[in-house]
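Below you'll find the structure, written out as structure tokens, and then a few comments.
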Amino acid sequence: MIKNLIFVFFAICFCHTVSAQGNYLSIGVGPSMIYAENSGHYKEFKFKIEPAITLSVNKQLNEFMGIKGSIGAQSFNSGGYDPLNSKYVINWGNNDQAFDFKGRGYFADLMPVLTTNPNAAGMLMSSVQFYIGLGFGVIFVEREQETLKNGVLKNGQLVEGEIITTNETSTHPYIPVRTGVSTNLSGDWDFALEFVLITTTNSELDGNNLKFKLISPDMSGQILITAKRYFGKAW
3 MIKNLIFVFF AICFCHTVSA QGNYLSIGVG PSMIYAENSG HYKEFKFKIE
53 PAITLSVNKQ LNEFMGIKGS IGAQSFNSGG YDPLNSKYVI NWGNNDQAFD
103 FKGRGYFADL MPVLTTNPNA AGMLMSSVQF YIGLGFGVIF VEREQETLKN
153 GVLKNGQLVE GEIITTNETS THPYIPVRTG VSTNLSGDWD FALEFVLITT
203 TNSELDGNNL KFKLISPDMS GQILITAKRY FGKAW
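Residue numbers (the numbering used here): 3 to 237.
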């Protein structure tokens, strides 16, 4: 589905020539990370960086406000930072919680977006524009996860236990925040650096809900380089 949408995006971009308008299609790619129970040692800055992609359509309502819908995908990888002889891994296994996982999340969200310094008639245009949005979305996760069952430690070493590997799926509502800075080129294209924070409403994104981390909900962050193509009539 993502490949088909990318094809449609570029087909629209290169088959029409229009003057810059408020409505636009965009595609963004960049690095991402996940904040979850079994996905890193964050105080030590040990966590996996994985790719993410987002496709968006924006309907501009006026010079300040627009409605933005986004879909995309993000790879997840817990990184294996917790050794099997860790007391946390033993405790997670005793509670049927995963210590390691890999997978991908597919997300969709909708939000109002505020442009803080829009173009105004009779005023000198700024070379960049700043925007921020807050909305609601849903993420579907498919993952391969590992759980240590019946783990026994002796003198700090794992002497007994079985690693169970399963394939799991789950769906989670989330609150997205998208903010960024965009060029303001007065043409068909603009480019943006966008920061995305996805905060789920639970702690089960990674197959582990024992709330080991400081902040309870699972979260992911993305830094996207985004290309925008304007289309349609002016609002």
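We put the beta carbon where it would ideally sit given N, CA and C, even for glycine.
Exposed or buried, what is residue i when buried is set at 16 or more other beta-carbons lying within 10 Å of its beta-carbon?
| i | result |
| --- | --- |
| Thr167 | exposed |
| Glu39 | buried |
| Gln62 | buried |
| Lys151 | exposed |
| Gly158 | exposed |
| Gly189 | exposed |
| Lys48 | exposed |
| Val154 | exposed |
| Tyr26 | buried |
| Ala2 | Since the displayed the chain opens at 3 and closes at 237, residue 2 lies outside it and no answer follows. |
| Thr203 | exposed |
| Pro85 | exposed |
| Ile92 | buried |
| Ala110 | exposed |
| Tyr232 | buried |
| Glu46 | exposed |
Keeping to the same chain, check which residues put their C-beta closer than 6 Å to that of residue i; ignore five residues upstream and five downstream.
| i | result |
| --- | --- |
| Phe142 | Tyr108 and Thr173 |
| Gly223 | Met35 and Leu199 |
| Ser28 | Ser58, Thr228 and Lys230 |
| Gly163 | Leu150, Asn152 and Gly153 |
Considering only residues of the same chain and omitting the five flanking positions on each side of residue i, which have a CB-CB separation below 8 Å?
| i | result |
| --- | --- |
| Glu206 | Ser172, His174 and Asp220 |
| Ile69 | Asn60, Lys61, Leu63, Leu112, Met113, Pro114 and Val115 |
| Asn97 | Leu212 |
| Gly124 | Bear in mind that a pLDDT of 44 at Gly124, under 50, signals an unreliable position, so the number given afterwards is only what the model happens to contain. No residues qualify anywhere along the chain. |
| Met67 | Pro114, Val115, Leu116 and Thr117 |
Can you find the residues in the same chain that come closer than 7 Å, C-beta to C-beta, to residue i, ignoring five residues on each side of it along the sequence?
| i | result |
| --- | --- |
| Val170 | Per the sequence presented here, residue 170 reads as Glu, with Val not at that position. Result list for Glu170: Arg145, Gln147 and Gly209, in chain order. |
| Thr201 | Tyr176, Ile177, Pro219 and Met221 |
| Gly32 | Ala54, Gln224, Ile225, Leu226 and Ile227 |
Taking the beta strand (DSSP E) that residue i falls in, what are its first and last residues?
| i | result |
| --- | --- |
| Asn60 | Glu52 to Gln62 |
| Asp102 | Asp102 to Thr117 |
| Leu187 | Segment: none, Leu187 is in no beta strand (DSSP E) and carries neither H nor E. |
| Leu86 | Premise fails: Leu86 is in no beta strand (DSSP E) and is neither H nor E. |
| Ser28 | Tyr26 to Tyr37 |
| Thr149 | Phe138 to Lys156 |
| Ile242 | The structure shown does not extend to residue 242, since the chain is modelled only from 3 to 237, so the question has no answer here. |
| Ser72 | Met67 to Asn79 |
Counting along the chain, where does the alpha helix (DSSP H) carrying residue i start and finish?
| i | result |
| --- | --- |
| Gly95 | Lys89 to Asn96 |
Going by the CB atoms, is the gap between residue j and residue i shorter than 9 Å?
| i | j | result |
| --- | --- | --- |
| Gly228 | Thr118 | It should be noted that the sequence gives Thr, not Gly, for residue 228. No, these two residues do not count as a Cβ contact at 9 Å. |
| Thr181 | Phe138 | no |
| Asn186 | Val130 | yes |
| Tyr83 | Ser41 | yes |
| Lys104 | Ser80 | yes |
| Gly30 | Gly74 | yes |
If we define contact as Cβ-Cβ less than 9 Å, is residue i a contact residue for chain B?
| i | result |
| --- | --- |
| Gly107 | Going by chain labels, chain B is absent from the structure shown, which holds only one protein chain. |
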